[in-house]
Every structure is written in C-alpha cells, then in structure tokens.
Amino acid sequence: MCGITGYIGSRNAYPIIINGLKRLEYRGYDSAGVMVFDGEQIQLSKTKGKVSDLEAITNIDESRKKGSIGIGHTRWATHGVPNDVNSHPHVSQSGELVIVHNGIIENYDTIRKELISRGYTFQSDTDTEVLVNLIEEVKKNENCKLGKAVQLALTNVIGAYAIAVFDKTRPNELVVARLGSPIAIGIGKDNEEFFVASDASPFIEFTRDAVYLEDGELAIVKRNKEIKVRKISNDKEVDAVIQELQLNLEQIEKGGYDHFMLKEIHEQPKAIIDTYRGRMLPNEGIIRMAGVDDHMSKFLHADRIIIVACGTSWHAGLVGEYLLEEMTRVPVEVEYASEFRYRNPIITPKDVVIAISQSGETADTLAAIKLAKSKGAFVFGICNVVGSSIARETHAGAYTHAGPEIGVASTKAFTTQITVLSLISLKLAQAKGTLAKSAVNNYLQTLQLIPSQIEKLLEIDDLVKEISYVYKDATNCLYLGRGFNFPVALEGALKLKEISYIHAEGYPAAEMKHGPIALIDENMPVFVIATNKGHYEKVVSNIQEIKSRSGKIIAIVTEGDVTVKEIADHVIEIPETEEAFTPLLTTIPLQLLSYHIAIMLGKNVDQPRNLAKSVTVE
Ligand code: AGP
Numbered sequence: 024m025c026g027i028t029g030y031i032g033s034r035n036a037y038p039i040i041i042n043g044l045k046r047l048e049y050r051g052y053d054s055a056g057v058m059v060f061d062g063e064q065i066q067l068s069k070t071k072g073k074v075s076d077l078e079a080i081t082n083i084d085e086s087r088k089k090g091s092i093g094i095g096h097t098r099w100a101t102h103g104v105p106n107d108v109n110s111h112p113h114v115s116q117s118g119e120l121v122i123v124h125n126g127i128i129e130n131y132d133t134i135r136k137e138l139i140s141r142g143y144t145f146q147s148d149t150d151t152e153v154l155v156n157l158i159e160e161v162k163k164n165e166n167c168k169l170g171k172a173v174q175l176a177l178t179n180v181i182g183a184y185a186i187a188v189f190d191k192t193r194p195n196e197l198v199v200a201r202l203g204s205p206i207a208i209g210i211g212k213d214n215e216e217f218f219v220a221s222d223a224s225p226f227i228e229f230t231r232d233a234v235y236l237e238d239g240e241l242a243i244v245k246r247n248k249e250i251k252v253r254k255i256s257n258d259k260e261v262d263a264v265i266q267e268l269q270l271n272l273e274q275i276e277k278g279g280y281d282h283f284m285l286k287e288i289h290e291q292p293k294a295i296i297d298t299y300r301g302r303m304l305p306n307e308g309i310i311r312m313a314g315v316d317d318h319m320s321k322f323l324h325a326d327r328i329i330i331v332a333c334g335t336s337w338h339a340g341l342v343g344e345y346l347l348e349e350m351t352r353v354p355v356e357v358e359y360a361s362e363f364r365y366r367n368p369i370i371t372p373k374d375v376v377i378a379i380s381q382s383g384e385t386a387d388t389l390a391a392i393k394l395a396k397s398k399g400a401f402v403f404g405i406c407n408v409v410g411s412s413i414a415r416e417t418h419a420g421a422y423t424h425a426g427p428e429i430g431v432a433s434t435k436a437f438t439t440q441i442t443v444l445s446l447i448s449l450k451l452a453q454a455k456g457t458l459a460k461s462a463v464n465n466y467l468q469t470l471q472l473i474p475s476q477i478e479k480l481l482e483i484d485d486l487v488k489e490i491s492y493v494y495k496d497a498t499n500c501l502y503l504g505r506g507f508n509f510p511v512a513l514e515g516a517l518k519l520k521e522i523s524y525i526h527a528e529g530y531p532a533a534e535m536k537h538g539p540i541a542l543i544d545e546n547m548p549v550f551v552i553a554t555n556k557g558h559y560e561k562v563v564s565n566i567q568e569i570k571s572r573s574g575k576i577i578a579i580v581t582e583g584d585v586t587v588k589e590i591a592d593h594v595i596e597i598p599e600t601e602e603a604f605t606p607l608l609t610t611i612p613l614q615l616l617s618y619h620i621a622i623m624l625g626k627n628v629d630q631p632r633n634l635a636k637s638v639t640v641e
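Numbered continuously in my numbering, the sequence shown closes out at residue 641.
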C-alpha cells in the first residue's frame with residue numbers, strides 16, 4: 024500500500040508534495056521520490072528510505088525543488104526490493120513521461136516482454152516502469168494525448184492501480200486513474216490548483232473540496248480548468264462529484280476509523296484479495312507461486328516441514344500445520360523460533376523450513392532461519408515486508424500483500440499468512456496428487472468467497488460490542504477450539520491479553536478435563552469456537568461440561584446452529600465455509616471482541632504497554 028501525491032497550480036509544488044508524502048508515510052515507507060517540472064527540465068529525486076532521506080538529497084540542490092507541477096511517492100514494495108532504482112517516480116524510455124503508482128499490475132511480465140520485443144529496456148524490477156512505458160508506446164502508436172494514451176493503455180492492464188502521470192510535452196496537466204486503490208483529488212479555489220493523493224491527508228489543509236475517483240475512472244487535471252473524469256473502459260465522460268470533506272487529518276490517516284487496529288481488521292477482505300491476486304485461477308484450478316514452483320523438488324522430497332515463527336505468526340503456522348498435513352500428508356512441526364534456535368534441534372538437508380513473519384525483522388525467527396540454513400535445510404519465508412531481513416535471508420518465499428500493519432496487535436497479517444499457507448498447501452497437494460483436481464478447484468472457489476464473507480461478518484460489530492460490555496471486567500478468560508480452530512483459540516487469547524491486559528488462555532477444547540476445568544465458575548467467561556465442521560458434537564459436550572459448572576459460554580457457531588444456541592450465554596454466527604478455511608472467519612469476532620473490550624477499558628489499542636510492533640531484539 025504505497026502513497027502517491029501530486030500538485031498542479033500556481034504555488035511551488037515541491038513543499039506541498041514533500042509534506043504530503045510525510046502525511047502518507049503511514050501507508051508505506053521503504054522508499055520515496057518526488058518529481059517537479061521547472062518549465063524546462065524534469066527534476067527527479069528518489070531514494071530507498073524515508074521521506075527524510077529524500078529531503079537529504081533534494082536539500083543539496085535547490086534546482087530540484089523548482090516548479091509548480093509535480094508528483095511524489097512513498098513506497099511499500101510489492102515488486103522489486105526497496106532500493107533507489109525501484110523507487111518511484113519512474114520515467115518512460117523517452118524521458119517524457121513520469122509516473123507514480125500504488126497497486127499491483129498482475130500481467131506486467133507479459134507486457135514487459137512485449138515492450139522489450141519493441142525495443143524498450145528497463146532499469147528497475149517494478150511493474151510500474153512497465154506501465155509508464157506501455158503508456159508511452161500507446162501514445163506513440165496512437166499519436167494521441169496523455170489522457171487518451173493512459174485510458175487505452177489501462178484497458179490492457181490486469182491488476183490494481185492508483186496512478187498519477189505527467190507528460191513533459193504537456194506540462195499543464197496531470198492524468199490520474201484508479202482501479203482497486205484509492206485516489207482523492209483536492210480542488211483549489213476557482214480551479215486554480217489541484218491536489219491528487221491516495222487520501223486527503225496531503226491536501227486537507229488547503230481545501231476540503233474533493234473528488235474521489237471511482238474504480239475504473241480516470242481524470243485529467245488542468246490548471247484553471249474544470250476537472251474532467253472519464254470511464255477507462257470506454258473513455259466516456261462522467262460527472263465529477265465534488266464533496267466537502269468533514270474528516271480531520273488523524274481520521275483520514277486511519278481511514279475514518281478510530282484506530283489503526285480497527286482499520287486493519289476491516290482491511291482484511293482487501294488484504295486477502297491482494298494476497299491471492301495473481302496467484303490463483305479457481306475455475307481452472309491453477310495456482311501460481313514462483314517461490315514454490317522454482318523449488319518444487321525441495322517440497323516434494325521433504326521428509327517434513329518445520330514451521331518457525333513467533334506470536335500471531337506462530338498461530339498462523341499452527342493453522343498451516345493442519346492445512347499442510349490435511350492436504351499434502353507431509354509431516355509438519357511448528358516451533359517457537361525462540362525455542363528452536365536454542366534447543367539444538369535435529370535438522371537435515373531433507374527438511375523444508377517455513378519461516379513466518381509480518382515484519383520480516385523478528386530476531387528469534389531470523390536466528391532460527393540462519394540455524395536451519397547452516398544445517399542444510401531449504402528455508403521458505405512468508406513475510407509482509409518486501410526486502411525485509413527475513414525475506415532476504417530465506418532461499419525463497421511468498422509475500423502477504425496485506426499492506427503496512429501499524430497496530431501492534433496483528434490482525435490482517437494473520438489472515439493473509441493463512442491465505443498464503445492455504446495456497447501453498449493446495450499447490451503441493453496438486454503436485455503430490457493427494458487432492459483430486461475437483462477438490463482443489465472447490466477449495467480455490469471457496470477461498471475466493473472468504474473476503475465477501477468477512478465483509479458480511481464485520482457487520483456483527485454491534486453484537487460483539489454488547490458481549491464485550493458484559494465481559495470487559497473479567498480478570499481471566501478461556502478460549503477453546505478444536506482442530507483448525509485450536510490455533511484460533513490461542514490467537515484470540517493473545518489478542519485479548521496484549522491490548523486489554525486481561526489474562527486469557529487458549530486450549531484445545533478437549534484439554535479442559537485435564538486440569539483447566541478446575542478454573543470454571545460463574546466468573547470465568549469461556550469463548551468457544553463451535554463451528555459445524557470437525558468435532559462439533561464433542562465441542563458441544565465440552566460446552567455442556569462448562570455450563571454444568573456455571574461457566575459463561577460465548578460461542579462462535581456456523582450460521583443456522585440451533586444446538587449451541589440453546590446452551591450458550593451468547594452466540595456469534597459465522598458463514599459456512601470449508602473446515603480448513605474456518606480460521607479465516609472465526610478469528611474476526613475474536614479480533615473485534617479484544618478491540619472493543621480494550622477500548623471500553625480505556626487502553627491504548629494501537630500501542631499497548633510493554634509491546635513493540637516488531638521484536639528485533641532477543
Ligand atoms: C501479535 O499481535 C503480536 N504483535 C506479536 O505476537 C507478533 O505476532 C510477533 O512479535 C511476531 O511478529 P512478526 O510476525 O513480525 O515476526
């Protein structure tokens with residue numbers, strides 16, 4: 024999730040763009056760049072690092088800051104590691120077109136090959152440089168203006184984008200377009216100036232009048248002219264709907280949510296789509312994961328798979344154990360990285376190690392990777408930060424495209440990690456023949472339904488709030504689950520602990536009779552995942568054992584459940600899905616529950632006490 028911004032008007036563009044990028048850094052911060060046009064020359068500066076690192080470059084030479092039109096970018100890498108060359112803006116081969124882009128072009132490799140065959144060369148590894156040269160090629164072949172060239176080029180693009188494009192030969196306009204990634208256009212007094220950005224935070228201090236492009240729309244923005252909005256599909260003009268913004272700066276950064284954690288909980292449908300985007304064709308049963316494809320023999324001949332991680336990522340790894348063993352019949356072990364690295368584990372070159380980390384910087388996980396590599400194991404990484412230490416240390420990997428996760432309590436990382444683990448499991452099952460083609464197709468089609476099911480599930484917020492209010496003063500809580508949902512019970516307990524400071528423990532539901540049931544009384548809320556898959560009847564028995572000891576039951580059930588409804592104190596229903604994918608749904612109410620209880624207790628949800636977002640020390 025990158026941040027783009029631009030300006031065209033009568034003021035000096037540079038300070039507006041730089042300050043705008045600082046406002047957008049929360050969207051991604053591994054590299055930054057700015058282009059301004061001084062009337063003669065394109066002045067482009069870009070670098071790996073933060074906006075402050077970019078300023079260190081532009082401050083050297085004032086000529087880099089002159090001009091009343093420009094665009095800027097702060098990057099959250101998806102293609103190409105963070106470095107100077109891969110930073111935006113990108114320039115077309117002729118040097119005339121300049122682009123900034125937020126999103127993922129799925130068919131960039133096909134387009135790149137075609138452009139190479141037409142004599143284009145590329146400096147970077149990015150999909151964005153491909154896009155700006157596609158626009159240039161169309162503009163040249165059609166002999167048309169930038170707006171038309173962008174519109175025609177985008178009809179050949181598959182993926183998600185929010186772009187701003189500048190043409191040196193037409194320096195009084197910017198062209199912006201969006202599909203799947205937001206663009207806001209701030210409108211200055213009497214159309215004298217325009218601001219374009221991923222959200223309104225860069226221009227809210229200048230104007231509250233804004234047009235938000237809809238998906239599939241393009242806008243041509245010219246000094247002292249009415250803004251023109253067109254449909255990308257057919258170039259037809261559509262009305263530009265100007266709205267007066269009511270949000271303040273902080274609310275804009277949080278997407279209108281009160282906290283980053285709540286915003287990130289609600290981003291999960293999009294994060295899961297972005298994570299499987301370009302990696303699966305459900306109807307054809309095709310799964311594309313280069314990191315797995317290129318090392319398939321390692322996976323197929325592995326004696327076992329060892330998953331190493333910490334915290335929430337470790338819980339995702341546990342779900343991965345159930346997925347991989349169920350679908351591929353390969354033995355899987357899940358290890359706390361902090362234990363694995365010190366207990367002198369038995370590791371052989373026939374082992375495949377999967378390291379899971381949102382930040383890609385967790386010290387224990389990094390150390391576990393180095394240990395496994397030193398003993399000859401093949402190490403595969405699942406990270407959310409492109410170019411992070413773990414991403415660079417592993418032999419291969421697959422990124423979760425969740426976008427920056429700012430809240431310390433991990434939410435969208437968990438569900439996107441499970442999404443990647445699901446795709447890996449299905450791909451290996453295909454290769455090993457442990458799942459029939461029809462079964463794989465069914466799983467992929469079911470996975471494709473998950474984002475819309477989460478969207479629907481997020482509407483239960485009021486019910487979760489009511490339940491949160493009842494149990495917010497508990498001093499201890501238990502979370503129970505079986506099978507695929509045992510890890511979700513652990514994850515739910517961790518969420519509550521880390522942001523509300525209430526002690527909570529997760530257990531396999533059947534474990535209660537081996538001790539924990541002694542804890543049960545009327546003061547012990549027990550959150551039980553009792554979906555209709557797996558060992559439903561046994562979970563019902565566990566619930567009855569707790570109820571008979573006056574325990575309070577809050578059950579997560581499958582829509583239409585009647586049995587548990589009769590015995591539980593509260594019931595939260597989730598949509599029907601494959602047992603293997605229930606964690607993607609059952610975790611949602613538990614995330615919301617921990618959020619609301621913490622808020623009711625007045626806790627700092629985004630930055631809980633004693634915690635850091637990335638544990639880069641032992
Ligand atoms: C989860 O909510 C916590 N913030 C923490 O357990 C986290 O999952 C753990 O530190 C691992 O971080 P990583 O995924 O970045 O490696």
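Glycine is no exception: its CB is placed at the ideal position from the N, C-alpha and C atoms.
From this set, Cys500, His537, Ile490 and Ile566, which residue's C-alpha is nearest Leu615's C-alpha? As a first step, residue 615 must be located in the sequence shown, where it is residue number 592. Cα-wise, what sits closest to Leu615 is Ile490.
Strictly closer than 7 Å from CB to any heavy atom of the ligand HEM: give me those residues in the order they appear in the chain. Because the ligand HEM does not appear in the structure shown, any question about it cannot be addressed here, the ligands present being the ligand AGP.
Rounding to the nearest angstrom, what Cα-Cα distance links Thr81 and Val153 in this structure? By 1-based counting over the sequence shown, the position of residue 81 is 58. By 1-based counting over the sequence shown, the position of residue 153 is 130. Thr81 and Val153: Cα-Cα distance of roughly 26 Å.
Have a look at Tyr184 and Val199 and give me their C-alpha separation to the nearest angstrom. The count along the sequence shown starts at 1 and reaches residue 184 at position 161. The count along the sequence shown starts at 1 and reaches residue 199 at position 176. Approximately 10 Å, taken between the alpha carbons.
Lys69 and Gly56: beta carbons closer than 7 Å? The residue you call residue 69 lines up with position 46 of the sequence shown. The residue you call residue 56 lines up with position 33 of the sequence shown. Against a cut-off of 7 Å, the Cβ pair of Gly56 and Lys69 comes out as a contact.
Strand pairing of Ser573, partner residues [DSSP]: Here residue 573 refers to the residue found at position 550 when the sequence shown is read from its first residue. Answer by DSSP bridge pairing: none, since Ser573 is not bridged.
Using only CA atoms, which one of Glu240, Pro205 and Lys488 lies nearest to Asp262? Reading the sequence shown from its first residue, position 239 is the one you call residue 262. Each of Glu240, Pro205 and Lys488 was checked against the Cα of Asp262, and the nearest Cα belongs to Glu240.
Write down every uninterrupted run of the alpha helix (DSSP H) in the segment 292-346 whose length is 4 residues or greater and which is fully enclosed by it, in chain order. Counting whole runs of 4 or more residues, the segment 292-346 contains the alpha helix (DSSP H) stretches 313-316 and 319-323.
With 16 other CB atoms within 10 Å as the buried threshold, where does Asp584 fall? To locate residue 584, count along the sequence shown from 1; it is residue 561. Looking at its Cβ environment, which holds 16 or more other Cβ atoms inside 10 Å, Asp584 is buried.
Inspect the beta-carbon positions of Asn109 and Thr144 and report whether they are closer than 7 Å. Your numbering for residue 109 matches position 86 in the sequence shown. Your numbering for residue 144 matches position 121 in the sequence shown. No, the pair does not count as a contact, with Cβ atoms beyond the cut-off.
For the alpha helix (DSSP H) containing Ile611, list its first residue and its last residue. If you number the sequence shown from 1, residue 611 lands on position 588. Following the DSSP letters along the chain, one finds Ile611 inside the alpha helix (DSSP H) bounded by residues Thr605 to Met623.
Which word fits Leu451, buried or exposed, when buried means at least 16 other C-beta atoms lie within 10 angstroms of its C-beta? In the sequence shown, counting from the first residue as 1, residue 451 sits at position 428. Buried, because 16 or more other Cβ atoms sit within 10 Å of the Cβ of Leu451.
Examine the Cβ distances between the segment 251-270 and the segment 457-471 and report whether three or more of them are shorter than 8 Å. The way I'd put it, the segment 251-270 doesn't touch the segment 457-471; fewer than three beta-carbon pairs between them come closer than 8 Å.
Compute the beta-carbon to beta-carbon distance between Val104 and Gly410, rounded to the nearest angstrom, for a pair I have assumed lies under 8 Å. In the sequence shown, residue 104 corresponds to position 81, counting from 1. In the sequence shown, residue 410 corresponds to position 387, counting from 1. Right, the Cβ-Cβ distance comes to about 4 Å (below 8 Å), so this counts as a contact.
Could you tell me the alpha carbon to alpha carbon distance between Ser617 and Gly118, rounded to whole angstroms? As a working note, residue 617 is residue 594 in the sequence shown. As a working note, residue 118 is residue 95 in the sequence shown. Between the alpha carbons of Ser617 and Gly118 lies a gap of roughly 52 Å.
For Gly62, count neighbouring C-beta atoms within 10 Å of its own C-beta (all shown protein chains included) and say buried if the count is 16 or more, exposed if not. Along the sequence shown, read from residue 1 onward, the residue named residue 62 stands at position 39. Label assigned to Gly62: exposed.
Hey, Ile595 and Ile473 are a contact pair by Cβ (cut 8 Å); roughly how many whole angstroms apart? Numbered from its first residue, the sequence shown carries residue 595 at position 572. Numbered from its first residue, the sequence shown carries residue 473 at position 450. Contact between Ile595 and Ile473 does not hold, since the beta-carbon distance rounds to 17 Å and is not under 8 Å.
Is there contact here, the segment 327-336 with the segment 352-362, by at least three beta-carbon pairs under 8 Å? Yes: the two stretches touch, three or more of their Cβ pairs being nearer than 8 Å.
Hey, could you find the ends of the beta strand (DSSP E) Val493 is sitting in? Stepping through the sequence shown from its first residue, residue 493 is reached at position 470. That residue, Val493, is in no beta strand (DSSP E); its alpha helix (DSSP H) goes Asp484 to Tyr494.
In the DSSP output, what is Ser380 paired with across the bridge? Working through the sequence shown from its first residue, we reach residue 380 at position 357. Per DSSP, Cys406.
My output table needs one value for His424: the three-state DSSP class, helix, strand or coil. Here residue 424 refers to the residue found at position 401 when the sequence shown is read from its first residue. The answer is coil: DSSP assigns His424 none of H, G, I, E or B.
Pick out the complete alpha helix (DSSP H) segments inside the segment 526-592, 4 residues or longer, and give them in chain order. DSSP runs (the alpha helix (DSSP H)) wholly in the segment 526-592: 559-570 and 586-590.
With a threshold of 6 Å on Cβ separation, who are the neighbours of Thr423 within its own chain once the five nearest residues in sequence on each side are excluded? On the sequence shown, position 400 is the one that residue 423 refers to. Excluding residues within five positions, the ones whose Cβ falls inside 6 Å are Thr298, Asn407, Thr439, Gln440 and Val443.
For a minimum of 3 consecutive residues, which ranges assigned as the beta strand (DSSP E) are wholly contained in the segment 128-178? Here no run is fully enclosed.
Cβ of Ala176 within 7 Å of Cβ of Val188? Looking up residue 176 in the sequence shown gives position 153. Looking up residue 188 in the sequence shown gives position 165. The beta carbons of Ala176 and Val188 sit no closer together than 7 Å.
Is it buried or exposed, Thr434, if we count other Cβ atoms within 10 angstroms and call 16 or more buried? By one-based count along the sequence shown, residue 434 stands at place 411. That one is buried.
May I ask you to report which of helix, strand or coil DSSP gives Val264? Locating residue 264 in the sequence shown gives position 241, where the first residue counts as 1. Taken through DSSP and simplified to helix, strand or coil, Val264 comes out as coil.
Of the listed residues Ile377, Pro194 and Gly301, nearest to Ile94 (C-alpha basis): As a first step, residue 94 must be located in the sequence shown, where it is residue number 71. Nearest of Ile377, Pro194 and Gly301 to Ile94, Cα basis: Pro194.
Excluding sequence positions up to five away, which residues of its chain have a Cβ less than 7 Å from the Cβ of Arg364? Counted from its first residue, the sequence shown places residue 364 at position 341. So the qualifying residues of the chain are Asp387, Ala390, Ala391 and Leu394.
In DSSP terms, what Tyr466 is bridged to: In the sequence shown, the residue the question calls residue 466 occupies position 443. Looking at the DSSP output, Tyr466 bridges to nothing.
For Gly529 versus Leu613, is the C-beta distance shorter than 7 Å? Locating residue 529 in the sequence shown gives position 506, counting from the first residue. Locating residue 613 in the sequence shown gives position 590, counting from the first residue. It is not a contact, given that the beta carbons lie outside the stated cut-off.
Below 6 Å CB to CB, which residues in the same chain sit around Lys163 once its five sequence neighbours on both sides are set aside? Walking along the sequence shown from the start, residue 163 turns up at place 140. Sequence-distant partners of Lys163 (beyond 5 residues in either direction) whose C-beta falls short of 6 Å from its own C-beta are missing from its chain.
Supposed contact pair Ile379 and Gly340 - C-beta distance, whole angstroms, cut 8 Å: Against the sequence shown, residue 340 aligns to sequence position 317. Against the sequence shown, residue 379 aligns to sequence position 356. Taking a contact as a CB-CB distance under 8 Å, the pair Gly340 and Ile379 counts as one, their CB atoms being some 5 Å apart.
With H, G and I counted as helix, E and B as strand and the rest as coil, what does DSSP make of Gly95? For the purposes of this step, residue 95 is identified with residue 72 of the sequence shown, where counting begins at 1. Of the three classes helix, strand and coil, the one that applies to Gly95 here is strand, per DSSP.
Local conformation of Ser110 per DSSP, three classes: Within the sequence shown, the letter at position 87 stands for residue 110. Residue state, collapsed to three classes: coil.
Apart from the five residues on each side of it in sequence, which residues of its chain come closer than 6 Å, Cβ to Cβ, to Gly430? Residue 430 sits at position 407 when you count from the first residue of the sequence shown. Closer than 6 Å at Cβ, skipping near neighbours: Phe283, Met284, Glu287 and Asp629.
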